[in-house]
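This report refers to the structure that appears directly beneath it.
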Amino acid sequence: MESFSLATPNMCFRKVSSELDSSFNGENVVCGLELEEKTAGDRNRIHFLEERNEETLSKRLRKLSRLDKVRSALELFDSMRFLGLQPNAHACNSFLSCLLRNGDIQKAFTVFEFMRKKENVTGHTYSLMLKAVAEVKGCESALRMFRELEREPKHRSCFDVVLYNTAISLCGRINNVYETERICRVMKGDGHIGTEITYSLLVSIFVRCGRSELALDVYDEMVNNKISLREDAMYAMISACTKEEKWDLALKIFQSMLKKGMKPNLVACNTLINSLGKAGKVGLVFKVYSVLKSLGHKPDEYTWNALLTALYKANRYEDVLQLFDMIRSENLCCLNEYLYNTAMVSCQKLGYWEKAVKLLYEMEGSGLTVSTSSYNLVISACEKSRKSKVALLVYEHMAQRDCKPNTFTYLSLVRSCIWGSLWDEVEDILKKVEPDVSLYNAAIHGMCLRREFKFAKELYVKMREMGLEPDGKTRAMMLQNLKKHQK
1 MESFSLATPN MCFRKVSSEL DSSFNGENVV CGLELEEKTA GDRNRIHFLE ERNEETLSKR
61 LRKLSRLDKV RSALELFDSM RFLGLQPNAH ACNSFLSCLL RNGDIQKAFT VFEFMRKKEN
121 VTGHTYSLML KAVAEVKGCE SALRMFRELE REPKHRSCFD VVLYNTAISL CGRINNVYET
181 ERICRVMKGD GHIGTEITYS LLVSIFVRCG RSELALDVYD EMVNNKISLR EDAMYAMISA
241 CTKEEKWDLA LKIFQSMLKK GMKPNLVACN TLINSLGKAG KVGLVFKVYS VLKSLGHKPD
301 EYTWNALLTA LYKANRYEDV LQLFDMIRSE NLCCLNEYLY NTAMVSCQKL GYWEKAVKLL
361 YEMEGSGLTV STSSYNLVIS ACEKSRKSKV ALLVYEHMAQ RDCKPNTFTY LSLVRSCIWG
421 SLWDEVEDIL KKVEPDVSLY NAAIHGMCLR REFKFAKELY VKMREMGLEP DGKTRAMMLQ
481 NLKKHQK
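No gaps in the numbering here: position 131 of the sequence shown is 131 in UniProt numbering, and each next residue is one more.
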C-alpha cells in the first residue's frame, strides 16, 4: 500500500515524490531532497536583500505570488532562505498556491518541506498539498495522505475546517460516501463546526450517492447551527426531499430560494411538482407551475408528466385526459411513452376502451416504442368495459408486433374472456402459457362467480395435477360449491 508517512523530518513526502517521478517524464522531483543541496541554477537566483524585516519581505512575497510573478517570487523566497530569513505561514501558503496554479509541483513540494521543517504549516498548507497530490496521483492517493496526517497529533493540531472541506471535496469527486461520513465524524470529534461549504458539500455528495436520508440529517444539523446552504445544495435537497417523500420540506426550501432572489431552475421546479403531485397536493402543484412560468421557464415533457401524474394521483382522471389532449393539440412538448401511459391508465380507470385503443394506435404511429405495460393498460380498459373480443384483438395485435406479453397481460385477458363467456379462449390461453398459479386462481375465481362450477372443477383438478398450490380463496370457493355441482 502507498504511504504518505510524515513521521520523520527527512522522510517527509519522500514516498510521494518517488511516485510522482513518472508524472514528470523521468525528471527528478526535488521535494525528497535536502533543501541545503543547491544547484547552480539555485545559486544564480540568490539576491542580496537590503530589507531584512521578515514581515515586510513576507508581504512582498504575498504580493508577487498573488500577481503570479513566479520567477520573482521564487528568487525572493530562495534569497530569504539563504539569509536564514523565514517568510510567515501566510506568505508561504500564498507562494505554494502560486506554484500550484502555474504547474510547478516539484517546487511546491520543496516549499512544503521547508515549511514543515520550520514548523510553519497551517491547515491551509495541508489543504493545498492534498489538492496537489489529487491532481497528480488522484483522489485516493490524496485521501491516503490525509489519513496519514490524521494519525500524527502534531499534524492534526493544525487541522481546520478548510482542510476538512478539502478532504470531503476529494471524497465527493470519487463518490466515496463512507469516507465522507468518517471524515465528518472526525471533524465533529475535533470540535470543528461546519461552514456553508461543508454542509453544501455533504448534502451534494449524499444525494449524488443515493443517501438522501443522510442529506436530511445534515440539513437538520445545518438549521440548528443557523447556516444557509449554497444554491447547488438547495437543488440537491429538493431532490432528496422528493426521494424521502418530504414534500413540505422541499416546498419550504423552494420558497426560501425565491425569498433570497434566486431563480430555481426548471429541474428543481419539475422535481417539486413531482413531489407535491405524489402527495396529492394538486393545488400546490399548479401554484408551483405558475411560478415556473413566471420565472421564464418553458415546461418540458417532465413538467407535463408531473402535472398529469398529480391529477391522476388525485383521482381526477377526466382532467388528465383533458390536459393530455391540450398538450397534444397545442404541441406543447414532444409526447413520450410516460405521457401516453398516464393518459391510457386514466382511460382504464374510466373504462374508456375506445379512447385507450385510439391512443395506442396513435402511439404506434408516432414511432415510439410501445412497451408491454402500454398494451396491458388498453387490454385492462377493455376488460373493465367488458369488451372481451376487443381485448383479444389487442392481444393478437401485440403479438404481431413482437411485443412479449407478461403475467399481467394474461390475467387481464383471462378475466375479460370469463366475463365474455369465452370459455374456449380461456382454455387456449392457459394452454399457451407456462403453468402459472395466479392465472389458474384467477380463472377459477371468475368461473365460480359466473357459476360455471363444472369448468372451475376441471381447472382445479388440472391445477393440482400440475403441482400448483391454490390460494385460500380458491380452496374455499371449491369446497363451498363442490357439493352443489355434484348434485
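Quick reminder that beta carbons are idealized off the backbone N, C-alpha and C, glycines included.
DSSP places Tyr352 in the coil class of the three-state scheme, outside both helix and strand.
Between Leu276 and Leu251, the C-beta spacing is below 8 angstroms. In the three-state DSSP reduction, Val345 falls in the helix class (H, G or I). DSSP places Met222 in the uninterrupted alpha helix (DSSP H) bounded by 212-224. Residues of the same chain with a CB within less than 6 angstroms of the CB of Val161, apart from the 5 flanking positions on each side, are His192, Thr195 in chain order. A distance of 8 angstroms or more separates the beta carbons of Cys158 and Thr180. A Cβ-Cβ distance of about 17 angstroms is found for the pair Ala89 and Leu130, leaving them out of contact under the 8 angstroms criterion.
Thr303 is positioned such that its CB atom lies no closer than 8 angstroms to that of Ile327.
When rounded, the separation of the alpha-carbon atoms in Cys403 and Val378 is 14 angstroms.
The Cβ atoms of Met262 and Glu231 sit closer than 8 angstroms to each other. Spanning the alpha carbons of Asn53 and Ala233 requires a straight line of approximately 46 angstroms. Ranking Glu245, Ala268, Phe254, Thr271 by CA distance to the CA of Ala279 puts Glu245 first.
Under the three-state reduction of DSSP, Pro87 is assigned to coil, being neither helix nor strand. Taken atom to atom, the span from the alpha-carbon of Gly138 to that of Phe109 is near 16 angstroms. Excluding its 5 nearest sequence neighbours in each direction, Thr474 has C-beta neighbours in its own chain below 6 angstroms: Asn441, Ile444, listed in chain order. Using a 10 angstroms sphere on the CB of Asp68, the tally of other CB atoms stays under 16, which defines it as exposed. Ala381 counts as buried, since at least 16 other C-beta atoms from the protein chains shown sit within 10 angstroms of its C-beta. Around the beta carbon of Arg81, a 10 Å sphere encloses 16 or more other beta carbons of the protein chains shown; the residue is thus reported as buried.
Counting along the chain, the unbroken alpha helix (DSSP H) around Val437 starts and ends at 437-449. Counting along the chain, no alpha helix (DSSP H) covers Thr195, and no H or E run does either. Cβ-Cβ separation between Asn270 and Ala215: approximately 19 angstroms, too far for a contact (criterion under 8 angstroms).
When the alpha-carbon of Arg316 is set against those of Leu96, Tyr340, Val288, Cys347, the nearest one is in Cys347.
Here His297 carries a coil assignment [DSSP, helix/strand/coil]. One alpha carbon belongs to Arg144, the other to Val133, and they sit about 10 angstroms apart.
Within the same chain, Trp353 come within 7 angstroms of Lys387 by CB-CB distance, once the 5 residues on both sides are set aside. Of Leu392, Gln400, Val390, Lys389, the smallest CA-CA separation from Val370 is found for Gln400. Arg182 has its alpha-carbon roughly 58 angstroms from the corresponding atom of Glu396.
Secondary structure of Leu292 (DSSP, three-state): helix.
Within a 10 Å sphere around the beta-carbon of Cys334 sit fewer than 16 other beta-carbons, which makes this residue exposed. Shown here for Val218: same chain residues with a beta carbon closer than 7 angstroms to its own, the five before and five after excluded, namely Tyr199, Leu202, Val203, Phe206 in chain order.
Here Leu392 is buried: its Cβ has 16 or more other Cβ atoms, across all protein chains shown, within 10 Å. Counting the other Cβ atoms within 10 Å of the Cβ of Leu258 gives fewer than 16, which makes it exposed.
When secondary structure is reduced to three states using DSSP, Ala268 falls in the helix class. Residue environment: Tyr375 is assigned as buried (16 or more neighbouring CB atoms within 10 Å of its CB, all protein chains considered).
Here Leu323 is not near Val282, since their CB atoms are 8 angstroms or more apart.
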